[in-house]
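Trainee: One structure coming up, written as structure tokens, with questions to follow.
4 protein chains.
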Amino acid sequence: MNRHYTLTISCPDRVGIIAAVTDFIAQHGGFIVEASYHTEEEQFFMRQEIRADSLPFDADEFCRRFAPLAGELSMDWKLADSAKNKRLVILVSKQDHCLDDLLHRWRSGELQVDIPCVISNHEDLRSFVEWHRIPFIHVDMQDKAAAFEKIAELFEQHRGDTLVLARFMQILPPGICQRYAGRIINIHHSFLPSFVGAKPYHQAYLRGVKLIGATCHYVTRDLDAGPIIEQDTMRIDHGDTVDDLVRYGRDIEKTVLARGLRYHVEDRVLVCGNKTIVFK
Amino acid sequence: MNRHYTLTISCPDRVGIIAAVTDFIAQHGGFIVEASYHTEEEQFFMRQEIRADSLPFDADEFCRRFAPLAGELSMDWKLADSAKNKRLVILVSKQDHCLDDLLHRWRSGELQVDIPCVISNHEDLRSFVEWHRIPFIHVDMQDKAAAFEKIAELFEQHRGDTLVLARFMQILPPGICQRYAGRIINIHHSFLPSFVGAKPYHQAYLRGVKLIGATCHYVTRDLDAGPIIEQDTMRIDHGDTVDDLVRYGRDIEKTVLARGLRYHVEDRVLVCGNKTIVFK
Amino acid sequence: MNRHYTLTISCPDRVGIIAAVTDFIAQHGGFIVEASYHTEEEQFFMRQEIRADSLPFDADEFCRRFAPLAGELSMDWKLADSAKNKRLVILVSKQDHCLDDLLHRWRSGELQVDIPCVISNHEDLRSFVEWHRIPFIHVDMQDKAAAFEKIAELFEQHRGDTLVLARFMQILPPGICQRYAGRIINIHHSFLPSFVGAKPYHQAYLRGVKLIGATCHYVTRDLDAGPIIEQDTMRIDHGDTVDDLVRYGRDIEKTVLARGLRYHVEDRVLVCGNKTIVFK
Amino acid sequence: MNRHYTLTISCPDRVGIIAAVTDFIAQHGGFIVEASYHTEEEQFFMRQEIRADSLPFDADEFCRRFAPLAGELSMDWKLADSAKNKRLVILVSKQDHCLDDLLHRWRSGELQVDIPCVISNHEDLRSFVEWHRIPFIHVDMQDKAAAFEKIAELFEQHRGDTLVLARFMQILPPGICQRYAGRIINIHHSFLPSFVGAKPYHQAYLRGVKLIGATCHYVTRDLDAGPIIEQDTMRIDHGDTVDDLVRYGRDIEKTVLARGLRYHVEDRVLVCGNKTIVFK
Numbered sequence: 054m055n056r057h058y059t060l061t062i063s064c065p066d067r068v069g070i071i072a073a074v075t076d077f078i079a080q081h082g083g084f085i086v087e088a089s090y091h092t093e094e095e096q097f098f099m100r101q102e103i104r105a106d107s108l109p110f111d112a113d114e115f116c117r118r119f120a121p122l123a124g125e126l127s128m129d130w131k132l133a134d135s136a137k138n139k140r141l142v143i144l145v146s147k148q149d150h151c152l153d154d155l156l157h158r159w160r161s162g163e164l165q166v167d168i169p170c171v172i173s174n175h176e177d178l179r180s181f182v183e184w185h186r187i188p189f190i191h192v193d194m195q196d197k198a199a200a201f202e203k204i205a206e207l208f209e210q211h212r213g214d215t216l217v218l219a220r221f222m223q224i225l226p227p228g229i230c231q232r233y234a235g236r237i238i239n240i241h242h243s244f245l246p247s248f249v250g251a252k253p254y255h256q257a258y259l260r261g262v263k264l265i266g267a268t269c270h271y272v273t274r275d276l277d278a279g280p281i282i283e284q285d286t287m288r289i290d291h292g293d294t295v296d297d298l299v300r301y302g303r304d305i306e307k308t309v310l311a312r313g314l315r316y317h318v319e320d321r322v323l324v325c326g327n328k329t330i331v332f333k
Numbered sequence: 054m055n056r057h058y059t060l061t062i063s064c065p066d067r068v069g070i071i072a073a074v075t076d077f078i079a080q081h082g083g084f085i086v087e088a089s090y091h092t093e094e095e096q097f098f099m100r101q102e103i104r105a106d107s108l109p110f111d112a113d114e115f116c117r118r119f120a121p122l123a124g125e126l127s128m129d130w131k132l133a134d135s136a137k138n139k140r141l142v143i144l145v146s147k148q149d150h151c152l153d154d155l156l157h158r159w160r161s162g163e164l165q166v167d168i169p170c171v172i173s174n175h176e177d178l179r180s181f182v183e184w185h186r187i188p189f190i191h192v193d194m195q196d197k198a199a200a201f202e203k204i205a206e207l208f209e210q211h212r213g214d215t216l217v218l219a220r221f222m223q224i225l226p227p228g229i230c231q232r233y234a235g236r237i238i239n240i241h242h243s244f245l246p247s248f249v250g251a252k253p254y255h256q257a258y259l260r261g262v263k264l265i266g267a268t269c270h271y272v273t274r275d276l277d278a279g280p281i282i283e284q285d286t287m288r289i290d291h292g293d294t295v296d297d298l299v300r301y302g303r304d305i306e307k308t309v310l311a312r313g314l315r316y317h318v319e320d321r322v323l324v325c326g327n328k329t330i331v332f333k
Numbered sequence: 054m055n056r057h058y059t060l061t062i063s064c065p066d067r068v069g070i071i072a073a074v075t076d077f078i079a080q081h082g083g084f085i086v087e088a089s090y091h092t093e094e095e096q097f098f099m100r101q102e103i104r105a106d107s108l109p110f111d112a113d114e115f116c117r118r119f120a121p122l123a124g125e126l127s128m129d130w131k132l133a134d135s136a137k138n139k140r141l142v143i144l145v146s147k148q149d150h151c152l153d154d155l156l157h158r159w160r161s162g163e164l165q166v167d168i169p170c171v172i173s174n175h176e177d178l179r180s181f182v183e184w185h186r187i188p189f190i191h192v193d194m195q196d197k198a199a200a201f202e203k204i205a206e207l208f209e210q211h212r213g214d215t216l217v218l219a220r221f222m223q224i225l226p227p228g229i230c231q232r233y234a235g236r237i238i239n240i241h242h243s244f245l246p247s248f249v250g251a252k253p254y255h256q257a258y259l260r261g262v263k264l265i266g267a268t269c270h271y272v273t274r275d276l277d278a279g280p281i282i283e284q285d286t287m288r289i290d291h292g293d294t295v296d297d298l299v300r301y302g303r304d305i306e307k308t309v310l311a312r313g314l315r316y317h318v319e320d321r322v323l324v325c326g327n328k329t330i331v332f333k
Numbered sequence: 054m055n056r057h058y059t060l061t062i063s064c065p066d067r068v069g070i071i072a073a074v075t076d077f078i079a080q081h082g083g084f085i086v087e088a089s090y091h092t093e094e095e096q097f098f099m100r101q102e103i104r105a106d107s108l109p110f111d112a113d114e115f116c117r118r119f120a121p122l123a124g125e126l127s128m129d130w131k132l133a134d135s136a137k138n139k140r141l142v143i144l145v146s147k148q149d150h151c152l153d154d155l156l157h158r159w160r161s162g163e164l165q166v167d168i169p170c171v172i173s174n175h176e177d178l179r180s181f182v183e184w185h186r187i188p189f190i191h192v193d194m195q196d197k198a199a200a201f202e203k204i205a206e207l208f209e210q211h212r213g214d215t216l217v218l219a220r221f222m223q224i225l226p227p228g229i230c231q232r233y234a235g236r237i238i239n240i241h242h243s244f245l246p247s248f249v250g251a252k253p254y255h256q257a258y259l260r261g262v263k264l265i266g267a268t269c270h271y272v273t274r275d276l277d278a279g280p281i282i283e284q285d286t287m288r289i290d291h292g293d294t295v296d297d298l299v300r301y302g303r304d305i306e307k308t309v310l311a312r313g314l315r316y317h318v319e320d321r322v323l324v325c326g327n328k329t330i331v332f333k
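Residue numbers (the numbering used here), protein chains in the order written: chain E, 54 to 333; chain Y, 54 to 333; chain L, 54 to 333; chain B, 54 to 333.
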């Protein structure tokens with residue numbers, strides 16, 4: 054994979070935005086690898102991948118030169134450099150199917166991120182994480198307020214970009230949700246908005262649905278109600294017990310989290326109110 | 054398709070039920086084409102398809118002879134004869150995608166039922182229904198109580214087995230729901246329990262879900278909360294408008310209704326509390 | 054749906070194409086509704102939907118003014134006007150599930166096309182087609198060469214844009230395939246390249262596959278080997294007979310044909326060698 | 054999960070088989086947990102799960118007592134005891150996504166088997182396997198005949214029940230395929246029968262298919278042509294490179310292998326000619 058810059062933009066819609074931006078890129082010889090657009094409620098969203106070696110300057114200089122146009126069009130914008138890995142701090146409890154999946158994608162090079170540490174309220178997964186030479190940090194949950202302050206501190210200290218709740222069985226306090234808005238990703242084990250909260254497979258079993266699902270979403274103050282990034286479902290039938298649903302569900306959970314996280318890491322997700330635009 | 058009898062049974066679970074029933078069938082030379090079992094909460098459910106020509110007597114005689122065993126094991130049971138078509142009375146409003154789909158399956162012989170009439174609160178679909186030589190009956194909805202009494206009357210008069218709400222945009226009164234419990238089938242245009250009630254595609258759009266769905270269920274007094282027979286979902290993305298969801302949704306609705314209805318017509322659905330067992 | 058123009062372009066890839074085209078559009082106040090790009094083997098592909106009422110001139114004038122730029126960049130290009138319906142001539146035999154599906158989408162306004170006639174080698178579907186007030190033309194297949202000459206004549210005479218083989222059970226001669234390259238669409242009842250030719254469900258049954266599928270593709274001289282537009286699959290199991298596969302398959306066939314045809318009609322499909330780019 | 058016995062039977066079809074078998078079970082108080090039947094080409098197939106603690110004797114005694122009935126009905130039959138884990142010997146090369154997936158399912162208790170060793174023609178995965186405290190054995194492939202003889206020896210020596218090719222990049226010699234017929238399971242990275250042999254994702258890319266797939270099958274002398282146990286597909290589009298297909302494909306491969314292997318391990322798969330019956 055060649056190095057590339059990813060330019061993401063959100064601004065009020067009007068005629069000529071694409072032309073203005075692509076003109077700017079073309080004037081400097083920028084080679085566009087991928088381009089996506091979307092308009093929603095008079096707001097325009099845009100993502101451009103540009104080959105780094107086609108430009109005569111680096112990312113900082115790009116930003117300096119682009120700033121005037123961005124100002125003129127009232128843009129909310131960002132330039133990401135594929136050479137700078139995002140830093141994921143992962144929170145887990147005892148269940149390890151999502152963690153195993155993410156660490157495999159990481160060590161095989163499929164998921165190009167840095168994982169400065171894994172934090173857990175249990176000791177169970179220490180050996181597995183440490184085999185990967187990733188620091189494993191145990192945080193005691195007896196004093197919840199202190200524990201979450203500790204987690205936030207560790208996140209800062211490890212210069213985390215994104216906090217991933219890989220089946221972390223604790224509810225984050227509103228303060229942390231707000232401080233890191235758009236940077237905390239959770240996997241919920243139901244097809245939201247069905248079966249919010251605890252024991253969703255049990256709820257699904259009792260309601261007698263014919264498919265179960267999982268949802269990857271940004272965490273907000275409202276439990277399981279943040280912007281949805283990715284979802285999927287699979288068929289079950291009357292013969293499946295709650296244990297079967299839990300077992301099938303693990304496969305959907307890890308796939309949905311991996312896909313959603315990949316979109317996030319590649320700057321494909323733009324938040325618009327309580328919804329997401331995902332430029333696949 | 055050869056003629057066959059379908060025996061469906063529900064009774065308290067204990068050792069030896071399968072043996073007792075299959076013994077009875079084998080003693081009379083009955084050839085079992087398909088057999089399914091399920092146990093839930095100490096209740097046993099069973100479905101057997103038997104080739105009619107392998108038995109030395111007809112359905113009535115089968116029932117007479119089977120009754121003692123059924124009594125002994127406290128069975129709730131039924132024998133259906135594939136030579137006797139179920140009679141579906143279809144309710145529609147203005148949207149015709151489900152109706153078109155059902156009538157095509159009927160006229161091609163795929164759905165082996167009788168359709169004694171189609172009832173509607175609008176005149177729009179008269180010509181299409183009458184082209185099929187099926188009576189089309191318009192019922193005025195100004196006086197709702199009278200209208201529903203009329204519908205129940207028509208259902209009785211046409212000796213309907215099942216009332217199919219093929220995107221009928223009116224809520225049935227509790228009295229009718231109870232009178233025909235397990236005999237009224239609705240298609241709801243969401244993946245229940247999400248988005249109960251009106252405008253589910255609009256609700257789905259606002260929530261920003263990444264898949265939409267449809268649900269075929271038995272109608273009970275509780276709106277959109279009856280036993281689910283069949284569901285399915287399909288992927289959408291941020292570029293899809295509410296109109297797109299409505300358009301995609303039509304395809305899921307007709308497929309899910311057709312599948313659910315087929316299971317019902319072939320006596321594959323057994324109700325257990327507010328859930329269904331579907332012997333596919 | 055507002056009137057819009059759809060500009061599709063294929064040209065050798067280089068820096069600045071998007072900028073040049075979107076500049077041209079922006080200079081005339083053109084409001085871009087949807088934009089898609091793709092590069093494959095140094096060829097660039099592009100599709101732009103522009104709101105007609107945002108431009109100060111009509112489609113013809115757009116073409117006149119755009120021609121110099123198109124020439125400069127060696128473009129193969131086309132401008133379609135959403136106000137001018139495509140004209141589909143449909144070929145059928147005796148099976149009507151795809152025809153029923155297409156005509157329903159047409160009469161409900163979902164598929165915005167004109168259908169000047171339906172041609173068949175059998176009389177079976179006359180009444181159904183004529184109920185729609187669409188001319189039904191029977192062509193005798195005894196003399197195949199003459200029959201296909203007649204079909205080509207009818208296609209010309211009715212000013213057809215696209216010839217749709219909606220389960221037409223005859224193989225088109227190479228001459229017609231070449232004359233109307235990229236304008237003939239077939240639905241094949243397997244997941245190509247598996248099970249080319251006759252009786253694909255029978256082949257699938259014998260091989261013991263666990264999913265069956267359907268393929269919508271452009272027709273070329275090579276049987277079932279033309280560029281694929283759309284495909285889908287569904288799960289079957291050991292209990293399904295060939296007749297069951299045929300029955301399930303009808304549902305996939307009609308969905309896949311409807312989707313593929315819609316992409317084609319909306320100028321979303323660009324052919325690149327023996328593959329398609331589908332800008333969804 | 055309670056201990057249970059799984060009785061699988063194949064015999065010529067006739068009236069009364071189910072009655073005879075379930076009678077036998079009921080006479081000894083056997084409690085049937087799950088029962089499945091299928092008839093194909095006048096051969097009858099049957100699977101019964103019986104709760105071990107409902108029977109007054111053990112598996113050996115069951116077999117002794119059942120043998121006369123089995124003989125009478127010319128049965129090919131087997132009784133498996135859930136308390137005796139199947140022994141899987143896994144063959145890998147360098148790619149570890151399937152191995153990682155299987156070992157995670159194993160260590161979490163989801164896949165109840167023993168894994169006496171993992172054999173590889175490369176050293177790459179030693180550390181990961183050994184972290185699980187499973188012996189890792191490297192076999193040099195320079196002399197292929199000797200290498201395969203060594204593999205067969207190791208399989209015997211470790212009392213393997215099933216040989217799992219978890220993306221093992223070598224073709225097994227016919228002798229081994231025959232010796233262990235119905236006991237060697239492979240995951241092929243295409244939706245067979247499409248794209249047999251090498252580089253199936255490359256073949257899929259060149260053909261321009263709109264979905265890719267994977268196939269779990271028993272290995273026979275005919276390359277990629279053995280009885281199919283499980284398959285699945287996923288959607289791709291024109292924007293996906295061969296590398297993207299390979300990446301997506303890994304997710305299907307591991308899911309399909311895990312599902313197919315689970316069916317095999319739970320004695321749900323019966324082979325019938327070159328097809329499988331899978332009692333889910």
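Think of the CB as a built atom: it goes at the ideal place given N, C-alpha and C, for glycine as much as any other residue.
Closest Cβ-Cβ distance between P169 (chain E) and chain Y: below 8 angstroms?
Mentor: As a first step, residue 169 (chain E) is located in the first sequence; it is residue number 116 there, counting from the start. Output row for P169 (chain E): interface = no.
Trainee: Rounding to the nearest angstrom, what Cα-Cα distance links F244 (chain E) and Q284 (chain E) in this structure?
Mentor: The residue given as residue 244 (chain E) occupies position 191 in the first sequence. The residue given as residue 284 (chain E) occupies position 231 in the first sequence. Straight-line Cα distance between these residues: approximately 7 angstroms.
Trainee: What residues from the segment 222-245 of chain B come within 8 angstroms of chain L, judged by C-beta to C-beta, listed N to C?
Mentor: Listed in sequence order: F244 and L245.
Trainee: Helix or strand or just coil, what does DSSP make of K252 (chain Y)?
Mentor: Within the second sequence, residue 252 (chain Y) is the residue found at index 199, counting from 1. Residue state, collapsed to three classes: coil.
Trainee: Mind reading off the beta-carbon distance from A267 (chain B) to G302 (chain B)? Whole number of angstroms is fine, and I expect it under 8 angstroms.
Mentor: Numbered from 1 along the fourth sequence, position 214 holds the residue referred to as residue 267 (chain B). Numbered from 1 along the fourth sequence, position 249 holds the residue referred to as residue 302 (chain B). Yes, A267 (chain B) and G302 (chain B) are in contact; Cβ-Cβ is about 7 angstroms, under 8 angstroms.
Trainee: Nearest CA to the CA of E163 (chain E): which residue from B:A311, B:D296, B:T329 and B:N55?
Mentor: If you number the first sequence from 1, residue 163 (chain E) lands on position 110. Nearest option by C-alpha distance: B:D296.
Trainee: Closest to V309 (chain B) by C-alpha separation, out of L:L122, L:K263 and L:R140, would be which residue?
Mentor: Here residue 309 (chain B) corresponds to residue number 256 of the fourth sequence, with the count starting at 1. For the residues L:L122, L:K263 and L:R140, the minimum Cα distance to V309 (chain B) belongs to L:K263.
Trainee: Scan the segment 300-321 of chain B for residues whose Cβ lies nearer than 7 angstroms to a Cβ of chain E and list them as they occur along the chain.
Mentor: Residues R300, D304 and T308.
Trainee: With distances taken Cα to Cα, identify the nearest neighbour of E114 (chain L) among L:I78, L:M222, L:F248 and L:E125.
Mentor: What you label residue 114 (chain L) is simply residue 61 of the third sequence in a count that begins at 1. Of the listed residues, the one whose Cα sits closest to E114 (chain L) is L:I78.
Trainee: Buried or exposed: E209 (chain L), going by 16 or more other Cβ atoms within 10 Å of its Cβ?
Mentor: Stepping through the third sequence from its first residue, residue 209 (chain L) is reached at position 156. The residue in question, E209 (chain L), is exposed, as its Cβ has fewer than 16 Cβ neighbours within 10 Å.
Trainee: My output table needs one value for L60 (chain Y): the three-state DSSP class, helix, strand or coil.
Mentor: As a first step, residue 60 (chain Y) is located in the second sequence; it is residue number 7 there, counting from the start. L60 (chain Y): strand per DSSP, three-state reduction.
Trainee: Rounded to whole angstroms, what's the CA-CA distance from I85 (chain Y) to A105 (chain Y)? Just pull it up for me.
Mentor: In the second sequence, counting from the first residue as 1, residue 85 (chain Y) sits at position 32. In the second sequence, counting from the first residue as 1, residue 105 (chain Y) sits at position 52. Approximately 10 angstroms between the Cα atoms of the pair.
Trainee: Within the continuous alpha helix (DSSP H) that includes V74 (chain Y), where are the two ends?
Mentor: By 1-based counting over the second sequence, the position of residue 74 (chain Y) is 21. Start and end: I70 to Q80.
Trainee: Could you say which of B:A257, B:D153 and B:K131 lies nearest to D177 (chain B) if we only look at CA atoms?
Mentor: In the fourth sequence, counting from the first residue as 1, residue 177 (chain B) sits at position 124. That would be B:D153, whose Cα lies nearest to the Cα of D177 (chain B).
Trainee: Of all the CB atoms in chain L, is at least one closer than 8 angstroms to the CB of K328 (chain B)?
Mentor: Residue numbering aside, residue 328 (chain B) sits at position 275 when the fourth sequence is read from its first letter. True, the Cβ-Cβ gap to chain L drops below 8 angstroms.
Trainee: For V166 (chain B), go through chain Y and note every residue whose CB falls closer than 7 angstroms to its CB, in chain order.
Mentor: Counting from one through the fourth sequence, the residue named residue 166 (chain B) turns up at place 113. Correct list: empty, because the minimum Cβ distance to chain Y is about 27 angstroms.
Trainee: Sorted by chain position, which residues of the same chain lie with C-beta nearer than 7 angstroms to F332 (chain E)'s C-beta, five sequence neighbours on each side aside?
Mentor: Here residue 332 (chain E) refers to the residue found at position 279 of the first sequence. Once the five neighbours on either side are set aside, the close Cβ partners of F332 (chain E) are S89, R100 and R321.
Trainee: Measure the C-alpha to C-alpha separation of E94 (chain B) and G326 (chain B) and round it to an integer number of angstroms.
Mentor: Stepping through the fourth sequence from its first residue, residue 94 (chain B) is reached at position 41. Stepping through the fourth sequence from its first residue, residue 326 (chain B) is reached at position 273. Rounded to the nearest angstrom, the two C-alpha atoms are 10 angstroms apart.
Trainee: Return no unless some Cβ of chain E is closer than 8 angstroms to the Cβ of I187 (chain L).
Mentor: Working through the third sequence from its first residue, we reach residue 187 (chain L) at position 134. No, because no Cβ of chain E sits closer than 8 angstroms to the Cβ of I187 (chain L).
Trainee: From Y254 (chain L) to V324 (chain L), what distance separates their C-alpha atoms?
Mentor: The residue labelled residue 254 (chain L) in the question sits at position 201 within the third sequence. The residue labelled residue 324 (chain L) in the question sits at position 271 within the third sequence. Near 28 angstroms, if we compare the C-alpha coordinates of V324 (chain L) and Y254 (chain L).
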